[in-house]
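Residue numbers (this note's numbering), protein chains in the order written: chain A, 956 to 1205; chain B, 956 to 1205.
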């Protein structure tokens, strides 16, 4: 049995009650630690809380050599832990299909996800979001402009955009850098940069930071430690505006 | 202190560990029971599990006479329970703003949400969803066609659509009825109806039903008890197709 268990947004307390129960009764516990991170805790604290040894997996363990995971799942109850809600990443979908092909039963225990948390924290209505995009760290000779095109296409349809920020090993993109990158993309493509952003830091923690404003303002703000995420709003409905004025300093 | 606590998708075990702790220590517990429903439990079971009396709220209690909620929150710790992830509904956003205007501290404890669970259950990649829509129960002389137009616009951009199904008191729209309504909308607007649907029932439960196929097939399927939700996929990526073949009978 291979069960994908979501850890939720931020710390140990974000797992669901049924997720916790499953993990505590699992025979083997793996932690997928490369597509997302739980910033409010660490592996040692998880092991104490779950009363289990945890085997931390890198991308290669899951994608190149999943045999060990599948062997454990064929023999007993395996909990495969992921930050956020599981299965959003294709690497999880791939592992679940390999398990099914090997005749192993699979299931998912859901948890909180940044995709829906952003609506609650920002007041931007969930049905008004168009497709999302991701801002990668620019690399030498590589500066894709697809994200600003997605944002521009959504704005043309009067839709909000959720903008995921890159994670590379222990490097986490922050809101100010993401805005600077988006503005450079806009200049490169001859597109007007967005007039308004909503930056969110540490969703799921006791004190998340949520700030709305022009790029020039948010680029000067200290949002504190990661993870950060960004939303680019379309024209605000009156209630969305009032919510951002009340809770995000607009 | 007014804390919006998400109950998650299906039953008592879907609340987060920190949500449960907050509710058990709250002075007053309200349950918002009109925008969503937890089908795998009931109020009596919640009261036993939370070790608290629960005051069930209808739409009028929250929108017309929120004074009692705010008075409790000014005096002590209030847990405001909602199905799914809180604050997605404008009625929650409105209550949070009223609390802030009254000088009451507010916070959100997130939980699993159908918006992200659909990606995991269907394998449809979350960044490929366009804006979502809702199919209402048709009423006499009232048959809006906006949902099929949203779906058509997303398909033209090669984006998936998440389709929420109506809840009216104890009446829950099912997948087969929703497809029939969408097909009627398509005919009325002279639009080609979608070639493929993914129907999902009881997300978050131990045995969710996930089925992909043509409208003619899914309209004949018994998905079992509510809640149901629908996705209309754009052109499938190879991995999305394989996932639906493996887990949704495509």
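Here a beta-carbon is modelled for each residue, glycine too, at the ideal position from N, C-alpha and C. The structure displayed is predicted, hence computed values, not measured ones.
Residues bridged to residue i [DSSP beta-bridge criterion]
| i | result |
| --- | --- |
| residue 1168 of chain A | A:1152 |
| residue 983 of chain B | B:1033 |
| residue 1027 of chain B | According to DSSP, which records beta bridges pairwise, residue 1027 of chain B is partnered with nothing at all. |
| residue 1116 of chain B | B:1187 |
| residue 1127 of chain B | B:1122 |
| residue 1089 of chain A | A:1119 |
| residue 992 of chain B | None; residue 992 of chain B has no bridge partner. |
Which of helix, strand or coil DSSP assigns to residue i
| i | result |
| --- | --- |
| residue 1203 of chain B | coil |
| residue 998 of chain B | helix |
| residue 972 of chain B | helix |
| residue 1137 of chain A | helix |
| residue 1122 of chain A | strand |
| residue 1063 of chain A | strand |
| residue 1100 of chain B | coil |
| residue 1146 of chain A | coil |
| residue 1069 of chain B | helix |
| residue 1039 of chain B | strand |
| residue 1094 of chain B | strand |
| residue 1194 of chain B | helix |
| residue 964 of chain A | coil |
| residue 1173 of chain A | helix |
| residue 1160 of chain A | coil |
| residue 1179 of chain B | coil |
| residue 1211 of chain A | Absent from the structure is residue 1211 of chain A, since the part of chain A shown begins at 956 and ends at 1205. |
Beta-carbon separation (whole angstroms), residue i vs residue j, contact threshold 8 Å
| i | j | result |
| --- | --- | --- |
| residue 1110 of chain B | residue 1189 of chain B | 6 Å |
| residue 1063 of chain A | residue 1093 of chain A | At roughly 35 Å, the Cβ-Cβ gap does not stay under 8 Å, so residue 1063 of chain A and residue 1093 of chain A are not in contact. |
| residue 962 of chain B | residue 970 of chain B | 5 Å |
| residue 1077 of chain B | residue 1165 of chain B | 6 Å |
| residue 1003 of chain B | residue 1073 of chain B | That belief does not hold up - the Cβ atoms of residue 1003 of chain B and residue 1073 of chain B are roughly 31 Å apart, past 8 Å. |
| residue 988 of chain B | residue 1025 of chain B | Going by Cβ atoms, the distance from residue 988 of chain B to residue 1025 of chain B rounds to 19 Å, so no, they are not a contact pair. |
| residue 1179 of chain B | residue 1156 of chain B | 5 Å |
| residue 1167 of chain A | residue 1204 of chain A | 7 Å |
| residue 1039 of chain A | residue 964 of chain A | 7 Å |
| residue 1048 of chain A | residue 1194 of chain B | 6 Å |
Sequence-distant residues of its chain with Cβ nearer than 6 Å to residue i (five each side left out)
| i | result |
| --- | --- |
| residue 990 of chain A | 1044 |
| residue 1087 of chain B | 1117 |
| residue 1131 of chain A | 1174 |
| residue 1133 of chain B | 1090, 1120, 1185 |
| residue 1183 of chain A | 1120, 1129, 1130, 1156 |
| residue 1027 of chain B | 983, 1033 |
Cβ neighbours of residue i in the same chain (closer than 7 Å, five flanking residues each side left out)
| i | result |
| --- | --- |
| residue 1107 of chain A | 1146 |
| residue 1083 of chain B | 1114, 1115, 1189 |
| residue 1000 of chain B | 967 |
| residue 1009 of chain B | 984, 986, 998, 1001, 1002 |
| residue 1198 of chain A | 1078 |
| residue 1140 of chain A | 1100, 1102, 1103 |
| residue 993 of chain B | 962, 965, 966, 1038 |
| residue 1029 of chain A | 1057, 1059 |
| residue 1081 of chain A | 1071, 1074 |
Residue span of the beta strand (DSSP E) that contains residue i, given as start and end
| i | result |
| --- | --- |
| residue 1020 of chain B | Here residue 1020 of chain B belongs to no beta strand (DSSP E), and DSSP marks it neither H nor E. |
| residue 959 of chain A | 957-961 |
| residue 1083 of chain B | Element bounds for residue 1083 of chain B: n/a, residue is neither H nor E. |
| residue 1012 of chain A | 1010-1012 |
Bounding residues of the alpha helix (DSSP H) (the contiguous stretch that carries residue i)
| i | result |
| --- | --- |
| residue 1050 of chain B | 1045-1056 |
Contact set for residue i: own chain, Cβ-Cβ below 8 Å, skip 5 residues either direction
| i | result |
| --- | --- |
| residue 1123 of chain A | 1092 |
| residue 978 of chain A | 960, 970, 984, 1005, 1007, 1034, 1036 |
| residue 1021 of chain A | 1050, 1053 |
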